[in-house]
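Protein chains in written order, with my numbering: chain A, 1 to 325; chain B, 1 to 292.
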């Protein structure tokens, strides 16, 4: 992508995001908010998977951890901002703990460990009624209220989500550009070489998990007031697979990949309503076709079209490592 | 004691069915480095092929079972390899994992659309009688499931170890390049592996559906259990997958009876995490040179 074009595209994109909900029905505003929220979660997973190359099937459980933390705190009367920070902190710490298996195993083994973690989280959320409300979940979480700006309507809530999204994206941009970001990529491309160049791969692996999970927690902190009702089913393994699909379909390792991926998963069903029950089948077939012809996702497909002579080496390297494991 | 025997035997029976799915999973991994996230759906689907045979083609049960087996081998073996796995191989591991996840959604939703979301009754293959042994009530179905599954596993092991084709398949799994040089038709052997996997999944489907009924969402738990069995036992060993399957079946039943029903599903998962961290190659597995 040409450097000079980037800021213009960013401004246009942001303007589109600001205009998008205007004049839409309440339901569409709600869907758009949930798109941005899932984009935040997918952005976190993109850091873990796309940049650092560590597969995780547990992102939904971190959204869950964030959502339950926020719900419990806001229901107890704590304002949203400290609740959100607590949600991120808890997710960060749990993510750090989940990173330890990644120090020992890679590839599909790591996928299974994280998958098991997600299912365990689901079981705990369902069975520990005293904390999580069991299968009935928690409801009636207040929407954040910032004196003059009250998010009880869906339009202000969308702008509130957008603001959080922009801040989160800017932070992520910083992380990806920082020495840490380069270390993440080094870890993905060639862990042994990264290690020999002085990257503390151990710390970087754990960080990749912890930061990715904290983004999951942030998404959870937003889901909780948006839906105002949470139960364990919203954070089951299927949801983690959906988020993984968002990242890969959008383009793992591309900064804006998750935004497009989340659009595919969240917004597309609304456009494909007329197909009724067939939506998921169409979607699944599309994913298989995409994986056959362009494993680096939608953005990768766009790039490959633009630069036909330079196949996506960056992403291929990532895939190659996966195939060896 | 009689209760223990009862619980233990029915655990062995379901465990042996899990083992069939887990063995297929292991074979695919060995021969084609394919981690099949749709394995659960592969076990769910053949039961519906049989139901189609019974309700739409009006075939007798035994013929429907054969029909189901053949369709399963063609669709889940041949087509799966040609349409999904083969074009994806040059792209490496992650896209294939994602594609099999998408495939599992496709199969699940497809079944739901075309056959309905309700659980369909599935005819019993074995008589529903029970017998009493030392005070324990044991169903003949459980015993037959166990006998058939173990028979299939023994047959498969003999096939892989004693026949020329079986040995060629093993050679392909161990070292495709050298196998090719020695004149093994590697592509054909990989295809055989896919067919064997589909057949095993179909058998598991026929044995488990009378117990669980045929339902589009059956694959979710079955697939997870098959992965866990394969990993716990050893990802690169048939007997590992067998032991893993039996172990999970028995432990699952014992936990549900004696410890907690709420967390019965948690035990295999905890076992999985512990095994992966403590012995990534599995209980009986040998570590793979390929990983280094």
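Using N, Cα and C, we set each Cβ at its ideal position, and we do this for glycine too.
Note that this is a predicted model, so its numbers are computed, not measured.
query                                                                                                                                                                      : result
Using a Cβ cut-off of 7 angstroms, pull out every chain A residue sitting near residue 44/B, in sequence order please.                                                     : Within 7 angstroms Cβ-Cβ: nothing; residue 44/B doesn't reach chain A, min ~15 angstroms.
Please tell me whether residue 52/B has its Cβ less than 8 angstroms away from any Cβ of chain A.                                                                          : no
Rounded to whole angstroms, what is the Cα-Cα separation between residue 26/B and residue 235/B?                                                                           : 6 angstroms
Please state whether the Cβ-Cβ distance between residue 95/A and residue 117/A is less than 8 angstroms.                                                                   : no
Give me the chain A residues within the contact set of residue 113/B, using Cβ-Cβ distance strictly less than 8 angstroms, ordered along the chain.                        : 277, 278 and 281
When you compare the CB of residue 88/B with every CB in chain A, is at least one pair closer than 8 angstroms?                                                            : yes
Going along chain A in order, which residues have a C-beta closer than 8 angstroms to the C-beta of residue 370/B?                                                         : A query on residue 370/B cannot be resolved here, the shown segment of chain B reaching from 1 to 292 and no further.
Quick check: the segment 260-269 of chain B against the segment 37-47 of chain B, are at least 3 beta-carbon pairs closer than 8 angstroms?                                : no
Quick check on residue 125/B: does DSSP put it in helix, strand or coil?                                                                                                   : coil
Looking at the strands, I want to know which residues DSSP matches up with residue 230/A.                                                                                  : 138/A
Taking Cβ positions only, does residue 319/A come closer than 8 angstroms to chain B?                                                                                      : Confidence at residue 319/A is low in this model, with a pLDDT of 48, below 50, so its placement is unreliable and the value that follows should be read with caution. Answer yes: the Cβ-Cβ gap between residue 319/A and chain B drops below 8 angstroms somewhere.
If you pair each beta-carbon of the segment 47-56 of chain B with each one of the segment 169-185 of chain B, do three or more pairs fall below 8 angstroms?               : no
Determine whether the Cβ of residue 265/A lies closer than 8 angstroms to any Cβ atom of chain D.                                                                          : Absent from the structure is chain D; the protein chains it does hold are A and B.
Report yes or no: do the segment 87-105 of chain A and the segment 251-263 of chain A share at least 3 C-beta pairs separated by less than 8 angstroms?                    : no
On the DSSP bridge list, what partners appear for residue 145/A?                                                                                                           : 150/A
Using the C-alpha atoms, what's the distance from residue 229/B back to residue 240/B?                                                                                     : 8 angstroms
State the DSSP-derived secondary structure class of residue 199/A, mapped to helix, strand or coil.                                                                        : coil
For residue 157/A versus residue 143/A, is the C-beta distance shorter than 8 angstroms?                                                                                   : yes
Would you say residue 88/A reaches chain B, if we count a Cβ-Cβ gap shorter than 8 angstroms as a contact?                                                                 : no
Please list the segments of the alpha helix (DSSP H) lying wholly inside the segment 29-91 of chain B, counting only runs of 4 or more residues, in order along the chain. : 39-55 and 61-72
Using Cβ-Cβ distances below 7 angstroms, what residues of the segment 246-266 of chain B are close to chain A?                                                             : 262, 263, 265 and 266
List, in order along the chain, the chain B residues whose C-beta lies closer than 8 angstroms to that of residue 231/A?                                                   : Within 8 angstroms Cβ-Cβ: nothing; residue 231/A doesn't reach chain B, min ~16 angstroms.
On the DSSP letters alone, give me the boundaries of the alpha helix (DSSP H) that residue 91/A sits inside.                                                               : 80-104
Taking 8 angstroms as the cut-off, decide whether the C-beta atoms of residue 245/A and residue 289/A are in contact.                                                      : no
Where in the segment 252-312 of chain A do unbroken runs of the alpha helix (DSSP H), each at least 4 residues long, occur, reported from the N-terminal end onward?       : 257-262, 268-271, 279-293 and 297-306
Tell me which same chain residues have a C-beta within less than 7 angstroms of the C-beta of residue 272/A, skipping the five on either side of it?                       : 279 and 282
Are the CB atoms of residue 190/B and residue 21/B nearer to each other than 8 angstroms?                                                                                  : no
Can you tell me where the beta strand (DSSP E) with residue 131/B in it begins and where it stops?                                                                         : 130-133
How would you write the range of the alpha helix (DSSP H) that residue 205/B sits in, first residue to last?                                                               : 186-212
Return yes when the Cβ of residue 125/B is within less than 8 angstroms of the Cβ of residue 206/B, no when it is not.                                                     : yes
Identify the continuous beta strand (DSSP E) that holds residue 137/B and give its terminal residues.                                                                      : 136-139
Could you pull out every residue in the same chain whose Cβ sits closer than 8 angstroms to the Cβ of residue 59/B, ignoring the five residues on either side in sequence? : 53 and 67
In its own chain, which residues sit with a C-beta less than 6 angstroms from the C-beta of residue 262/A, not counting the 5 before and 5 after it?                       : 35, 38, 39, 42 and 246
Could you tell me which chain B residues have their CB closer than 7 angstroms to the CB of residue 112/A, listed as they occur along the chain?                           : 227, 231, 272 and 276
Does the CB of residue 280/B have a neighbour CB from chain A at under 8 angstroms?                                                                                        : yes
Just the C-alpha distance for residue 50/A and residue 25/A, rounded to the nearest angstrom, thanks.                                                                      : 35 angstroms
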